[in-house]
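Numbering (this note's numbering), first residue to last: 219 to 459.
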Ligand code: GLP
């Protein structure tokens, strides 16, 4: 595991974007695993800048997103489909057919999970996965549990996650209670992983993920077993490291 302590959120984002850019330069048809939430927003902004400067192109890149809320349409402003289009995809030259995000409106959610996992495998797995971390240690929407869940599946969101994500919705009641998420095994199969965290409210969770025991009660702790994982933290999130 590598730990990079960045000066601040801006610096963390720049370092993350540079690592993603390096991956694309090395392999223009890379499969990138993408995350939502507030943490990677600036990373996407830096990637857009690198695209505008013609340093990188996304025209051969394939992206697979970690998760999506169940019950929100692609057009819903709080869906991760909308978020990704708005924050990132609309601003780069990625091809629509190369973008994969789970469909939270699928009639048959179990089949959607299996098909989503198959799409990732068909693209020969993820070259570089970007992760955030929930305050309860979740990655994607893999919530604290008694065991690590393997592949893409449906989950019930924890109360803590619902509360944390309520800031994006008008009312807490509007936060969906369920989601589709890549599983821990899907994430761990990525050849390279970058986990981003900023802010003091993530500091204890980050410390436990890195130094605590490997425990499904803190899903990010599994990353201790990944052969190529880099934590990029701002100083506040790295406070206990
Ligand atoms: C969300 C997402 C995660 C994200 C996490 C942290 O619920 N499902 O992929 O990493 O919570 O969010 P934030 O970056 O806003 O703190």
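Glycine residues also receive a C-beta, built at the ideal position from the N, C-alpha and C atoms.
Asked: Among 404, 351, 392 and 391, whose alpha-carbon lies nearest the alpha-carbon of residue 339?; Found: 404
Asked: Taking 8 angstroms as the threshold, find out whether the region 302-322 comes into contact with the region 342-355 through three or more Cβ pairs.; Found: no
Asked: Applying the 10 Å Cβ sphere with the 16-neighbour rule, what's the burial state of residue 277?; Found: exposed
Asked: What does residue 452 pair with, by DSSP beta-bridge criteria?; Found: 224
Asked: What I want to know is whether the C-beta of residue 327 ends up closer than 7 angstroms to one or more non-hydrogen atoms of the ligand GLP.; Found: no
Asked: Label residue 368 either buried or exposed according to how many other C-beta atoms from any shown protein chain fall within 10 Å of its C-beta, with 16 as the threshold for buried.; Found: exposed
Asked: Which one or two residues does DSSP pair with residue 346 in a beta bridge?; Found: 250 and 410
Asked: Mind checking which residues open and close the alpha helix (DSSP H) that includes residue 423?; Found: 421-429
Asked: Below 8 angstroms, can you find three or more Cβ-Cβ pairs linking the region 284-301 to the region 315-324?; Found: yes
Asked: Quick check on DSSP: helix, strand or coil for residue 372?; Found: strand
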